[in-house]
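Every letter in the sequence shown is one number past the one before it in UniProt numbering, and letter 143, counting from 1, is 143. C-beta atoms are modelled at their ideal positions from N, C-alpha and C, and glycine is treated no differently. Source: prediction; values computed, not measured. Following: one structure in structure tokens, then a few remarks.
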Amino acid sequence: MFKKLINNLKKRNLKDNNFEYLFEEPAKDEYVCLDCETTGLNPKKDEILSIGAVIIKKNKILMRQTLNIFVKPSRNINSESIKIHQIRPVDLQNAVEPKDAIFELLKFIGNRPIVGYYIKFDIAIISKYTKEYIGVSLPNHQIEVSSIYFKTKKRSSEYEFVDLKFDTIMKELEIPELGKHDALNDAIMTSMIFLKLKDKAPANSTFYTG
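Structure (structure tokens):
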């Protein structure tokens, strides 16, 4: 109820009514898993360099419905950040303008819930762009796979440590590694994590975190 009220308030700030579909009720058992590679870890000042996304329908990852975009940064990327995201200037030669990339992403996502690993960061940095271009932050429900993983782990006490590192979760669930620091590969691997976990989560738990 509260989430619906917040979305109704957000909807009033839309600059373009063509994006009203973002606030519609999503189809059942459809999700989008996404990942962003960025210049850093501060959503307020850093920029998106690439976006990878894939659609999940029921229990299938739709490999024919993927999105993989390189985004043109406003300034040259430095060597230190390249060590983290491994995106070189040559990779960005055919990158698209941020506005075009975000509009393509919004069309791809639609009103589906968004699945990710530490997805709040991705949502925060994408929302920085959407607030500028269409007046609102992303209203889609968010599903955090590390939270689902945590809920499925059996612990001897509520204080027992649970390792939530991406590599640990992948190894525990026996998911093949496709190659790191590639937004689309990360989105696909995260999709596999989600599909392995969603039927293991406690019956009274909810996937949505935002």
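One thing to note: P43 has its Cβ within 9 Å of the Cβ of S127. Here DSSP, grouped into helix, strand and coil, assigns N68 to strand. The straight-line gap separating the alpha-carbon atoms of N76 and G52 is approximately 21 Å. One thing to note: I69 has its Cβ within 9 Å of the Cβ of V96. With contact defined as three or more Cβ pairs closer than 8 Å, the region 59-66 and the region 74-92 are not in contact. Taking a contact as a CB-CB distance under 8 Å, the pair S191 and V115 counts as one, their CB atoms being some 7 Å apart. Below 8 Å, too few C-beta pairs join the region 84-104 and the region 158-174 to call them touching: fewer than three. The region 138-155 makes contact with the region 182-198; the number of CB pairs closer than 8 Å reaches 3 or more. Rounded to the nearest whole angstrom, the C-alpha separation of Y21 and S156 is 45 Å. DSSP places K57 inside the beta strand (DSSP E), whose first and last residues are 48-57. Between P98 and V71, the CB-CB gap stays under 9 Å. For D35, there is no enclosing alpha helix (DSSP H); the residue is part of the beta strand (DSSP E) that begins and ends at 30-38.
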